[in-house]
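Okay, structure first, notes after.
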Amino acid sequence: MSHHIVEFQDVRYHYPDGTAALNGLSLRITHGEAVGIVGANGAGKSTLLLHINGSILPASGSIIIGDLQLTAQTRKEVRKKVGMIFQNPDDQLFMPTVYDDVAFGPLNLGLGRERAAERVEEALRIVGCQGLRDRPPHHLSSGQKSSVAIASVIAMQPEILVMDEPASSLDPRSRRQLINLLNAFDHTKIVASHDLDFILETCERCIIVRDGRVMADGAAETVLADKTLLEENNLELPLSLKNNPLPRHKGAAMNDLDKLKHLIEHWKEHNKEHARTYREWAGKAASLGKNDLAGVLGEIAAETSRIDELFIKADGLLG
Ligand SMILES: Nc1ncnc2c1ncn2[C@@H]1O[C@H](COP(=O)(O)OP(=O)(O)O)[C@@H](O)[C@H]1O
Ligand SMILES: [Mg+2]
18 MSHHIVEFQD
28 VRYHYPDGTA
38 ALNGLSLRIT
48 HGEAVGIVGA
58 NGAGKSTLLL
68 HINGSILPAS
78 GSIIIGDLQL
88 TAQTRKEVRK
98 KVGMIFQNPD
108 DQLFMPTVYD
118 DVAFGPLNLG
128 LGRERAAERV
138 EEALRIVGCQ
148 GLRDRPPHHL
158 SSGQKSSVAI
168 ASVIAMQPEI
178 LVMDEPASSL
188 DPRSRRQLIN
198 LLNAFDHTKI
208 VASHDLDFIL
218 ETCERCIIVR
228 DGRVMADGAA
238 ETVLADKTLL
248 EENNLELPLS
258 LKNNPLPRHK
268 GAAMNDLDKL
278 KHLIEHWKEH
288 NKEHARTYRE
298 WAGKAASLGK
308 NDLAGVLGEI
318 AAETSRIDEL
328 FIKADGLLG
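Position 60, counted from 1, in the sequence shown is what this note's numbering calls 77; the numbers after and before it change by one each time, with no gaps.
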């Protein structure tokens with residue numbers, strides 16, 4: 018038996034109107050890998066992902082998912098192994114409450130109410146959405162919808178998580194949360210995205226697709242730093258590598274830098290507030306006739322304000 022969890026061999030597919038979308042695509046992905054699929058519009062990324070969960074079947078070539086060869090007979094079993102998160106969470110959420118939406122998959126897999134409820138709690142906890150349990154999904158923000166859509170898939174405990182353009186409708190904060198969430202999820206992940214920075218932060222491996230074929234396959238930090246290769250495939254360097262040609266380390270180092278940036282913003286604000294408070298109390302001390310104390314508090318306020326400049330300097334160094 019192959020140790021590859023996803024294996025495409027010379028897969029071809031054309032849509033009913035004759036458009037050739039996959040033209041002899043081969044790839045192999047092993048357990049636990051995080052793989053980014055990148056490529057220009059129309060390259061075949063979505064078509065590739067739709068094959069992984071058996072939504073469409075290849076015209077020729079072979080696809081193995083886990084230990085199953087994908088065929089009309091096995092596609093239902095294949096679908097149980099693969100959790101597919103669509104680009105638009107509205108395509109995924111259709112029940113009256115968040116709870117019902119997340120419970121839908123486990124109940125559909127045949128789990129009893131109690132076990133399904135456990136799965137729901139666990140999935141909502143992982144995505145940090147326990148508080149949304151009773152809300153109607155269509156009233157949520159796009160970031161919340163996306164988290165709930167992920168919970169609805171995680172609740173089925175798939176072996177493989179597949180996402181099509183997951184970050185495209187997210188604001189920066191929700192995008193960052195999604196990156197952290199994906200990095201904490203240690204099953205096989207396959208993510209198609211236009212957002213090469215997103216891939217750089219969530220995937221160790223990156224495959225470039227063009228005209229329904231694999232054009233490059235390697236370490237994300239290498240593939241996504243290769244300007245010529247990217248341009249040949251109508252892609253651009255990730256923003257994080259544009260001003261800084263040396264690949265920054267993804268994962269911990271990068272997250273810590275982002276964290277530090279937030280912290281400095283926070284400290285800067287606090288420092289200003291503290292200086293204001295010292296000054297206020299210096300004034301009060303003076304009006305109570307405690308001039309020496311007022312003087313010292315005034316000095317503390319001035320010293321604190323000088324630290325503002327150091328924060329600005331630190332912020333500048335982070336870029
Ligand atoms: N439902 C469809 N019917 C006909 N052609 C399609 C359909 N969906 C996609 N295509 C075509 O298949 C090719 C690959 O598309 P797609 O897999 O959606 O690419 P990507 O996700 O990389 O943008 C494109 O030429 C696209 O126009
Ligand atoms: Mg697509």
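The C-beta atom is built at its ideal place from N, Cα and C for all residues, glycine as well. Keep in mind the model is a prediction, meaning the values are calculated, not measured.
Using DSSP bridges, identify the partner residues of residue i.
{"i": "E218", "result": "In DSSP, E218 forms no bridge with anything."}
{"i": "D234", "result": "I224"}
{"i": "A209", "result": "I54 and D181"}
{"i": "Q86", "result": "I81"}
{"i": "M101", "result": "V179"}
Rounded to a whole number of angstroms, what is the C-alpha to C-alpha distance between residue i and residue j?
{"i": "Y32", "j": "A38", "result": "7 Å"}
{"i": "I207", "j": "R96", "result": "15 Å"}
{"i": "S210", "j": "A172", "result": "23 Å"}
{"i": "L258", "j": "Q109", "result": "34 Å"}
{"i": "G145", "j": "D309", "result": "51 Å"}
{"i": "A269", "j": "I216", "result": "Caution applies to A269, whose pLDDT of 46 falls short of 50 and renders its modelled position unreliable; the model cannot decide the point."}
{"i": "K162", "j": "P106", "result": "6 Å"}
{"i": "K289", "j": "L67", "result": "53 Å"}
{"i": "I80", "j": "G41", "result": "12 Å"}
{"i": "V275", "j": "I143", "result": "In the sequence on display, residue 275 carries Asp and not Val. Their backbone Cα atoms lie some 22 Å apart in a straight line."}
{"i": "L128", "j": "A134", "result": "9 Å"}
{"i": "N70", "j": "P154", "result": "24 Å"}
{"i": "C223", "j": "N58", "result": "17 Å"}
{"i": "I324", "j": "G312", "result": "19 Å"}
{"i": "P75", "j": "V23", "result": "14 Å"}
{"i": "V28", "j": "A201", "result": "32 Å"}
{"i": "S191", "j": "K301", "result": "44 Å"}
{"i": "T205", "j": "E50", "result": "5 Å"}
{"i": "C220", "j": "L199", "result": "9 Å"}
{"i": "G336", "j": "P255", "result": "16 Å"}
{"i": "I329", "j": "W284", "result": "11 Å"}
{"i": "N250", "j": "L124", "result": "43 Å"}
{"i": "R130", "j": "I167", "result": "20 Å"}
{"i": "P264", "j": "Y295", "result": "Annotation note: pLDDT 48 at P264 (below 50); position unreliable, no value reported."}
{"i": "L126", "j": "P175", "result": "11 Å"}
{"i": "A89", "j": "S77", "result": "13 Å"}
{"i": "L305", "j": "E297", "result": "13 Å"}
{"i": "L65", "j": "E286", "result": "48 Å"}
{"i": "S158", "j": "M112", "result": "16 Å"}
{"i": "S63", "j": "G122", "result": "22 Å"}
{"i": "A233", "j": "D203", "result": "24 Å"}
{"i": "D118", "j": "S164", "result": "12 Å"}
{"i": "T245", "j": "N272", "result": "28 Å"}
{"i": "D17", "j": "L334", "result": "The chain is shown from 18 up to 336; residue 17 falls before or after that span and cannot be answered."}
{"i": "E1", "j": "N260", "result": "The structure shown does not extend to residue 1, since the chain is modelled only from 18 to 336, so the question has no answer here."}
{"i": "L277", "j": "Y30", "result": "47 Å"}
{"i": "I73", "j": "Q104", "result": "17 Å"}
{"i": "D34", "j": "P189", "result": "38 Å"}
Keeping to the same chain, check which residues put their C-beta closer than 8 Å to that of residue i; ignore five residues upstream and five downstream.
{"i": "E282", "result": "D332"}
{"i": "L280", "result": "none"}
{"i": "D214", "result": "P255, L256 and S257"}
{"i": "Q147", "result": "E138 and L141"}
{"i": "L252", "result": "V55, G56, A57, L213 and I225"}
{"i": "T114", "result": "R150, D151, R152, P153 and P154"}
{"i": "R193", "result": "D275"}
Once you ignore the five residues that flank residue i on each side, which residues in its own chain have a CB closer than 6 Å to its CB?
{"i": "E139", "result": "none"}
{"i": "V170", "result": "G100 and I102"}
{"i": "D212", "result": "A184"}
{"i": "G315", "result": "A299"}
{"i": "V12", "result": "As shown, the chain starts at 18 and ends at 336. That puts residue 12 outside it, with no answer to give."}
Can you name, in chain order, every residue of its own chain whose Cβ lies under 7 Å from the Cβ of residue i, other than the five neighbours on each side?
{"i": "Y116", "result": "V137, R150 and D151"}
{"i": "H291", "result": "T321"}
{"i": "S319", "result": "Strictly speaking, residue 319 in this sequence is Ala, with Ser absent from that position. Hits under 7 Å: none found."}
{"i": "A236", "result": "E221 and R222"}
{"i": "A303", "result": "A311"}
{"i": "T91", "result": "L85"}
Would a check of beta-carbon distances place residue i closer than 8 Å to chain D?
{"i": "T294", "result": "In the structure shown, chain D does not exist; there is a single protein chain."}
Closer than 6 Å between the C-beta and any heavy atom of ligand 1: which residues qualify, listed along the chain? With the cut-off at 6 Å, the residues found are Y32, D34, T36, A38, G56, N58, G59, A60, G61, K62, S63 and T64.
Hey, which unbroken runs of the beta strand (DSSP E) at 3 residues or more fall wholly within the region 21-52? If we require 3 residues or more, the beta strand (DSSP E) runs fully inside the region 21-52 come out as 21-31 and 37-47.
Can you give, in chain order, each stretch of the alpha helix (DSSP H) that sits fully within the region 118-169 and has at least 4 residues? Runs found: 130-143.
Please go through the region 267-317 and give each complete alpha helix (DSSP H) segment of 4 or more residues, from N-terminal end onward. Taken in chain order, the unbroken stretches of alpha helix (DSSP H) that lie wholly in the region 267-317 and span 4 residues or more are 269-304.
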